[in-house]
Amino acid sequence: MDKQQKSIDKLLSNLQERAKELECLYDIEELINEAADDSDLDKLFQGVADVIPRGWQYTDKCCAKISYGDTVYTSGGFQQSPWEMRAAISVQIEVVGMVHVFYTEQMPVADEGPFLKEERKLLNTIADRLGHFILHQNMNRVLKRERPAKPKKEEWWVILELLERTDPKLLMRICRKMTNFLCWSGVKAAEKLLAYFAPVYRTEDGEIVEDLNRPKRKKIMQDVLSTSEEIFKFASQHL
């Protein structure tokens, strides 16, 4: 009976340790997700250093240190000791930092000194996750540098091209309204564009004249379509 009870106790102890490790890893994932929004590496590394001891067998005797670049982050009550395990933080095979775990007192011998083999796996996972996060942040910065925000022209030019192909008359009306609005807004450079919408080309209510002879109507439309980019370029610069 005693032997059976010991087996049960050992099983329960192992399950409790695995639960601690999973909870530690979950808390670190939460910190990484939060850091993805604000890109605050200092906050992330300090938070991870504070969380790590919770996942180790002797939590109250455990402390952690993370080094990244020239900065070091330590958990509360940090005390360096000979009883240490560490894992490198690597980004594309380059070591950029290190995660250290210490016991402040000598503990019973386990799989790796006083540390469990599951704790080794946990520490390696934590270091890997931090490395992946740093790589992701670096890639985002590169992409932002290499691919600046699209100019406003590209955002509306697609619409202009679509209207030019599918409904040129609607594009002419839109260009006329935009030109008038630019003039009303005091954009002097837009006044010369009004020549494309002279009264001879439109009715009193502003509608494009439909009964002009075909060659003349075609010429008017070509003039407006060719200057539509210029009209909306003024708009993007001054509105």
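Take 19 as the starting number for the sequence shown in the working numbering and just add one per residue.
Where is the CB? At the ideal position from N, CA and C, for every residue including glycine.
Is DSSP giving residue i helix, strand or coil here?
i, result
"residue 144", "helix"
"residue 133", "strand"
"residue 44", "helix"
"residue 205", "coil"
"residue 64", "helix"
"residue 125", "coil"
"residue 96", "coil"
"residue 155", "helix"
"residue 55", "helix"
"residue 78", "helix"
"residue 250", "helix"
What does residue i pair with, by DSSP beta-bridge criteria?
i, result
"residue 107", "115"
"residue 91", "84"
"residue 102", "120"
Compute the Euclidean distance between the alpha carbons of residue i and residue j, then round it to the nearest angstrom.
i, j, result
"residue 95", "residue 163", "41 Å"
"residue 88", "residue 34", "36 Å"
"residue 130", "residue 76", "14 Å"
"residue 84", "residue 158", "23 Å"
"residue 141", "residue 181", "59 Å"
"residue 39", "residue 143", "11 Å"
"residue 74", "residue 136", "9 Å"
Less than 8 Å between C-beta atoms, sequence neighbours within five positions excluded: which residues of the same chain meet that for residue i?
i, result
"residue 178", "189, 246, 247, 250"
"residue 59", "53, 86, 152, 155"
"residue 45", "69, 72"
Can you name, in chain order, every residue of its own chain whose Cβ lies under 6 Å from the Cβ of residue i, other than the five neighbours on each side?
i, result
"residue 152", "109"
"residue 138", "130"
"residue 199", "none"
Can you list, in chain order, the residues of its chain whose CB lies under 7 Å from that of residue i, leaving out five sequence neighbours each side?
i, result
"residue 128", "134"
"residue 106", "113, 116, 145"
"residue 122", "79, 81, 97, 99"
"residue 67", "82, 83, 84, 91, 92, 93"
"residue 63", "84, 86, 91"
"residue 118", "82, 83, 102, 104"
Can a CB atom of chain D be found closer than 8 Å to the CB of residue i?
i, result
"residue 108", "Of the chains in the structure shown, none is chain D; there is only one protein chain."
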